[in-house]
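Before any comments, here is the structure.
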Amino acid sequence: MMRSLAAFGRPPAFFRLLAALFVAIALAGCSSLSEQADPTAGWSAGRLYSEAKEAQADGNWDTAAKYLEKLEARFPYGRFAQQAQLELGYVYWKANEAGSALAACDRFIKLHPNHPAIDYVYYLKGLINFNEDLGLIGYISNQDLSERDPKAAREAFESFRELTIRFPDSKYTPDAIKRMDYLVNALAQQDVNVAHYYMRRGAYVAAANRAQYAIKTYPRAPAIEEAMFILVKAYDELGMTDLRDDADRVLRQNFPDSRFYQTGLERKSPWWKLW
Numbered sequence: 715m716m717r718s719l720a721a722f723g724r725p726p727a728f729f730r731l732l733a734a735l736f737v738a739i740a741l742a743g744c745s746s747l748s749e750q751a752d753p754t755a756g757w758s759a760g761r762l763y764s765e766a767k768e769a770q771a772d773g774n775w776d777t778a779a780k781y782l783e784k785l786e787a788r789f790p791y792g793r794f795a796q797q798a799q800l801e802l803g804y805v806y807w808k809a810n811e812a813g814s815a816l817a818a819c820d821r822f823i824k825l826h827p828n829h830p831a832i833d834y835v836y837y838l839k840g841l842i843n844f845n846e847d848l849g850l851i852g853y854i855s856n857q858d859l860s861e862r863d864p865k866a867a868r869e870a871f872e873s874f875r876e877l878t879i880r881f882p883d884s885k886y887t888p889d890a891i892k893r894m895d896y897l898v899n900a901l902a903q904q905d906v907n908v909a910h911y912y913m914r915r916g917a918y919v920a921a922a923n924r925a926q927y928a929i930k931t932y933p934r935a936p937a938i939e940e941a942m943f944i945l946v947k948a949y950d951e952l953g954m955t956d957l958r959d960d961a962d963r964v965l966r967q968n969f970p971d972s973r974f975y976q977t978g979l980e981r982k983s984p985w986w987k988l989w
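The sequence shown begins at 715 in the working numbering and counts up by one.
So, in structure tokens, the structure goes:
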């Protein structure tokens, strides 16, 4: 009696074919999900860079940063990757991510110390710190650099100084020098503000010490005129007559028409200032 083929089970080739079919379907499903999750899957380095530049032109800084990050991650050794690393600092900064921007600058300097655009990276690093966001309160009150934490100002100064020393002929150097002059004045004024605060609190020794520090550290800054006057007043309050007379003589010699002889240490602020 003849037995049906089914009685002997399916041939092995059939199961291999069925398994291959299941695998193909599964891979197709995964590919479809991947494309849905990341529409840039399969893009070339050139396309990622082109899309990043288009996003920058439109002011879509977060989108531009994502494209540049993907570009660097997927094509780490190509020419586009190096350009992405160069541009990420600026893109992060424009996206209000100052911390990431500074990290990107430091990373580029470490990876490409001899890159033709390294002077630009030092300049950008200085700008990021120089223009540190004040926030809403600082904007409303018109707070200037001398009234803020000097850490960012000092770091900006160091970046600009490195630029001017290493690349004196850079097209960014003239502007960096101007900003350094402003930073020196701002840092001097910040120390004078502290000395002024100590004077108001009756901490005359601390006021004298801070004024002396400002004078020694920033001898050519405009704020030194007020620092000298604070020194005169602090020594007067402490009863140190000889030191007071010496400070007064130096002040009159360098600032014979000093306004502080008429106004004293009084400071007037606009009504809208919050301090």
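Note that the Cβ used here is the ideal one computed from N, Cα and C, for glycine as well.
In this text the structure is predicted, and so the values were computed from the model without any measurement.
Here Val919 is exposed: its Cβ has fewer than 16 other Cβ atoms, across all protein chains shown, within 10 Å. Non-local beta-carbon contacts of Lys784 in its own chain, meaning distances under 7 Å to residues more than five positions away in sequence, involve Thr754 and Leu762 in chain order.
When only Cα atoms are considered, Asn923 and Gln799 end up about 45 Å apart. When secondary structure is reduced to three states using DSSP, Met942 falls in the helix class. Taking the C-beta atoms as reference points, Ala809 is found no nearer than 9 Å to Ala766. Where Thr955 is concerned, the enclosing alpha helix (DSSP H) starts and stops at Thr955 to Asn968.
Boundaries of the alpha helix (DSSP H) harbouring Lys767: Ala759 to Ala771, taken from the DSSP string. The C-beta of Tyr791 has fewer than 16 other C-beta atoms within 10 Å across all chains shown, which makes the residue exposed. For Phe822, the secondary structure class from DSSP, reduced to helix, strand or coil, is helix. A straight line joining the alpha-carbon of Lys930 with that of Glu786 spans about 47 Å.
Taking a contact to require three or more Cβ pairs closer than 8 Å, the segment 901-918 and the segment 877-887 do not qualify as touching. Going by DSSP, Asn923 is part of the alpha helix (DSSP H) stretching over Tyr918 to Thr931. For Ser972, the closest alpha carbon among the candidates Phe943, Asp772 and Trp757 is that of Phe943. Taking C-beta atoms under 8 Å as the contact rule, Phe789 and Ala759 qualify, at a distance of about 4 Å.
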